[in-house]
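When we follow the working numbering, the leftmost residue of the sequence shown carries the number 765, and every step to the right adds one.
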Amino acid sequence: MDSFNSEKKIKVGQNEYVIRSLPSLVEGKVGHVDKLPFTLKILLENLLRQEDGINVTQEDIQAVAAWDPTRQKDLEISFMPARVILQDFTGVPCVVDMASMRDAVVQMGGDPEKINPLQQVDLVIDHSVQVDRYGSADSFKENVKIEYERNKERYSFLKWGQKSLKNFRVVPPGTGIVHQVNLEYLGQVVYSLDKAGRREAYPDTVIGTDSHTTMINGLGIVGWGVGGIEAEAAMLGQPVSMLIPEVVGFKLFGKCPEGTTATDLVLVVTQMLRKKGVVGKFVEFYGKGLSNLTLPDRATLANMAPEYGATVGFFPVDEETLTFLKSTGRSQETVDLVKAYATQQGLFRTDSTPDPLYSDKLELDLSTVIPSVAGPKRPQDRVSLAEAKASFETALPSLMKKGPHPTLASGAREMNGDLKDGSIVIAAITSCTNTSNPSVMIQAGLLAKNACDKGLKTKPWVKTSLAPGSKVVMGYLEKADVLQYLEKLGFYLVGYGCTTCIGNSGPLDEMIEKSIKENELVVASVLSGNRNFEGRIHASVRANYLMSPPLVVAYALAGSLKVNLTTEALGQGRDGKPVFLKDIWPNQREVQDALKNVKQELFKKEYAHVFEGDDVWKTISFPKSNRFDWEKDSTYIRRAAFLENLAVAPAPLADIRGARVLASLGDSVTTDHISPAGSISAESPAGKYLLSHGVPKSDFNSYGARRGNHEVMVRGTFANNRLKNQLAPGTEGGVTKKFPEGTVMSIYDAALAYAKQNTPLIILAGKEYGSGSSRDWAAKGTMMLGVKAVIAESYERIHRSNLVMMGVLPLQFPDGKNAAGLDLSGEEVFEITGVADSLKPLKVLKVRATLNGVIKEFNALMRIDTPKEIEYYQHGGVLPYVLRRLKGK
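Structure (structure tokens):
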């Protein structure tokens, strides 16, 4: 359909393209398209192209075209991304579900070949490498060898998917991190596709199963992170259901001063936007300051959108975008198409571009940015570098496990005079946030060179690692002649991918681990990543700080957070004199000279055979059939239990009665708390399961690597060793009380006991429930434990959506209220009524809690936000919904 006669043709070189013209709506006086934010223009084009009178109507198009930021309406629209991108931690469960759906549709009498991605899907294997070996030239080779040994079964399964599923490509291990591969190679900015004998051009848009998919926003591509469940729905042709977003404009002007980095800017912006409150909103950067940011700087800012809470952190296409496309080896045809299309559609930014309409605005003078770090627990907890030492010392009492040591003052607790509170035991240049940015990586290398020239060395208790986002990084570090100095300080290549930031930091030295535990030390990690939540980086490391790569190197030299890098010496030089950070910090001219080594040829070389893999990958065997041959004894890949024995039609919705509280949680409970990605304890339910199946502790791997096995993942739900369940005060980890007996046991065992009694379960929580990574197992595991509803003060966007898509009811306490304010102990029996009757988005439901004859009642807002989500919930989740639709075709 084309109700607004928007179809036009443009010619680029010798090629003619069909487009849906936004200026045609301006000419037709449909809304005020020319004044819209860039992001809404892209959503509007998507609607024009997808108009079918059902999922997308004339009214939807008119509503976006006439968007009024002063009168925001809760109007649902359907968005269909051009492609989907996955990483292996979240991608393996997607492929497991696709394989399970093929089995399920056969059970329902359908055709398994109907289960295929209907658009381009790319999976980048980047989250499975762990830092088992470090500090030597063989570290990368050894870690890759161990990675293949650990994950051969998973990789065989992914090769089956690559060969058996249509429109599905896999980037093999040891290539790079998903976001950097997306930025440097996969992202097209403007997509062109031959359809029915004609060539169409339209904006490249993407959703991904990693929350940091937003990094691609720096390239002018609208994209954001979703849970694996939502990604699967999109892969199967279901539109992403969303409300027309509020768009917050963030004006940048000026230029960052000498001595600061893009990371410092990111931490300032993250803090500002968290304070502003942009959860669920689009953030769009504008202003002349954009011209003073390189595209990697913009990508660094866009990457951190989940940390500041926004759905996207978007930068429009401009001359810098074209320069980046050229420098990373994209074809001239691609660059020409991007410029012509963006200019034609009013999507090309210049310094004279009028400011669009925005729901709200804030601004930042880039010249005010100062060196910063963020920690010890959250990305938004920024402090200036000068205040970092004092900030840590202030936070220290709250980080201690049991308060001050009984015999030693906290500052004196140590082992052999070296390891103390504040000692840095992990220093990692890791994560997509910074390793995609040549400027900060070059700065780290130059700082290492200057440190070596002075005779400085990394402290011996620091575990150092370098995990770049792509092979290109090692190429330009070597050509700039700085790699050797990073290596001299212990920063050897350990792998290409997401390591420390996701929790794949690997083991600490046994003596260091022993000292930490025996002395109950609060030791630290420093990393150039984007996540530092409790328990995420390493189970024994309680303080975790985010910072730029050069500061990671500097702190590795200092060896402690109790050193003020702005006033105290990093160490003693070979001349016997103290060396300060200012003595080795590279100036901007040095950095710019070294950046000349970042050349187009490096990108062309490394991405020429990106889907082929190394010799080991090529030799991995896989089953050759359209349905996967499940191994009944596998501890990695199991058919999804929640897709077995599905009824052809869904059961009617029912109110929730006789429910018990499985866990009562506080504020800022992350998806890491709910479904950890890191190491598996032998004492945990998941560890006991693996041991019972003959898996030795040395082969446990991680929760992230075992996401293809629901038996492990359901046992790991709420198993983070930093989780504090208020039902079991004084404990940490996946512990609860089973009522009415009051018996203390693991959350998994309690859920089993409740299931035997047919008792439905609920979770009570505080603010920002489910913040952090877009982790589908945080919702899948919750559902599989028997949780029917979560009642929280507020939700992060992705987790709320994932709960609905797994058939779990997200409810919100009345404004200003929480479990404590309503005097709920968690021992009550709960009823939630209004579910069975005329369910509609954002309905208010009645909650009744009864304990010892005392009844407490309150209203709760049902956070099923759209009509499409109502349909998903009625079917018990999005996958049953899709299966039943496919069966009917």
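Note that CB positions come from ideal geometry on N, CA and C, so glycine has one too.
#1: Using only the alpha-carbon positions, how far apart do S1253 and S1095 sit?
#2: Tell me which same chain residues have a C-beta within less than 7 Å of the C-beta of K1165, skipping the five on either side of it?
#3: Would you identify the three-state DSSP class for P967, choosing helix, strand or coil?
#4: Pull up the distance between the alpha-carbon of S770 and that of G1270, whole angstroms please.
#5: Within 10 Å of its beta-carbon, does G1175 have 16 or more other beta-carbons around it, so buried, or fewer, so exposed?
#6: Measure the alpha-carbon distance for G1077 versus G1337 and round it to whole angstroms.
#7: DSSP state of D1129, grouped into three classes?
#8: Excluding the 5 residues flanking F1367 on each side, which residues of the same chain have their C-beta closer than 7 Å to its C-beta?
#9: Look at E1298 and K1141 and say whether their C-beta atoms are less than 8 Å apart.
#10: Leaving aside the five residues before and after L1609 along the sequence, list all residues of the same chain whose C-beta is less than 6 Å from its C-beta, in chain order.
#11: Spatial neighbours of A1159 within its chain, please: C-beta separation below 6 Å, excluding the five flanking residues on both sides.
#12: Which residue comes first and which comes last in the alpha helix (DSSP H) that contains Y1249?
#13: Three-state secondary structure (DSSP) at G1175?
#14: In terms of residues, what are the limits of the beta strand (DSSP E) holding V848?
#15: With A1583 and S1428 assumed to form a contact (beta carbons below 8 Å), what rounded beta-carbon distance in angstroms separates them?
#16: Once the 5 residues before and after Y1637 are set aside, which same chain residues still bring their CB inside 8 Å of it?
#17: Can you give the beta carbon distance from R1647 to M865, rounded, assuming they're within the 8 Å contact cut?
#18: Kindly indicate which residue of P937, D1273, P1342 and L887 has the alpha-carbon position closest to the one of V1380.
#19: Where does D1115 land, buried or exposed, given buried means 16+ other C-beta within 10 angstroms?
#20: Tell me the rounded alpha-carbon separation between P1440 and K772.
#21: Taking the CB atoms as reference points, tell me whether L882 and L1000 lie closer together than 8 Å.
#22: What are the residues that DSSP puts in a beta bridge with K1227?
#23: Give me, in chain order, the residues of the same chain whose beta-carbon lies closer than 6 Å to that of E1084; leave out the 5 immediate sequence neighbours on both sides.
#24: So, is H1457 buried or exposed, given that buried needs 16 or more other C-beta atoms within 10 angstroms?
#25: Measure the beta-carbon distance from L1128 to V1033 and round it to whole angstroms, keeping in mind my assumption that it falls under 8 Å.
#26: Only counting the same chain, and skipping five residues up and downstream in sequence, which positions put a Cβ closer than 6 Å to that of Q1490?
#27: Taking all protein chains shown into account, do 16 or more other C-beta atoms lie within 10 angstroms of the C-beta of R1295, making it buried, or fewer, making it exposed?
#28: Quick one: is I1619 buried, meaning 16 or more other Cβ sit within 10 Å of its Cβ, or exposed?
#29: In this structure, what does DSSP give as the bridge partners for P1574?
#30: For E1048, does the three-state DSSP call read helix, strand or coil?
#31: Under 8 Å by Cβ, that's how I've got S1655 and I1280 pegged, so tell me the actual separation to the nearest angstrom.
#32: Cβ atoms of H891 and D867: under 8 Å apart, would you say?
#33: If we require 3 or more residues per run, which beta strand (DSSP E) segments fall completely within the region 1488-1532?
#34: So what does DSSP say about V934, is it helix, strand or coil?
#35: Might you give, ordered along the chain, the residues of its own chain that have their beta carbon closer than 6 Å to the beta carbon of K916, omitting 5 neighbours on each side?
#36: So is G1480 buried or exposed if we call it buried at 16+ other beta carbons inside 10 Å?
This is what the structure gives:
#1: The sequence shown places Leu at residue 1253, rather than the Ser named in the question. Whole-angstrom Cα-Cα distance: 39 Å.
#2: E1284
#3: strand
#4: 55 Å
#5: Unreliable placement is indicated for G1175, whose pLDDT of 40 sits below 50; no coordinate value is reported for it.
#6: 43 Å
#7: strand
#8: E948, T1092, G1093 and V1236
#9: yes
#10: I1596, G1598, A1624 and M1626
#11: P1140
#12: First-last of the alpha helix (DSSP H) with Y1249: L1247 to K1252.
#13: Below a pLDDT of 50, predicted positions are generally treated as unreliable, and G1175, at 40, falls in that range; the measurement from the model is reported next regardless. Helix, per DSSP.
#14: R847 to Q851
#15: 6 Å
#16: L1417, V1568, G1571, L1573, L1603 and I1628
#17: Checking the displayed sequence, the identity of residue 1647 turns out to be Leu instead of Arg. Their Cβ separation, rounded to whole angstroms, is 6 Å, which keeps L1647 and M865 in contact under 8 Å.
#18: P937
#19: exposed
#20: 49 Å
#21: Note that the C-beta distance between L882 and L1000 is below 8 Å.
#22: DSSP output for K1227 lists I1190 as bridge partner(s).
#23: Excluding sequence neighbours, E1084 sits near L1059.
#24: exposed
#25: 7 Å
#26: Cβ neighbours of Q1490 beyond the five flanking positions: S1428.
#27: buried
#28: Counting of Cβ neighbours within 10 angstroms places I1619 among the exposed residues, the total staying below 16.
#29: V1554
#30: strand
#31: Only positions 765 to 1653 of the chain appear in the structure, and residue 1655 is not among them; the question remains open.
#32: no
#33: 1499-1502, 1507-1510 and 1525-1528
#34: Three-state result, V934: strand.
#35: none
#36: buried
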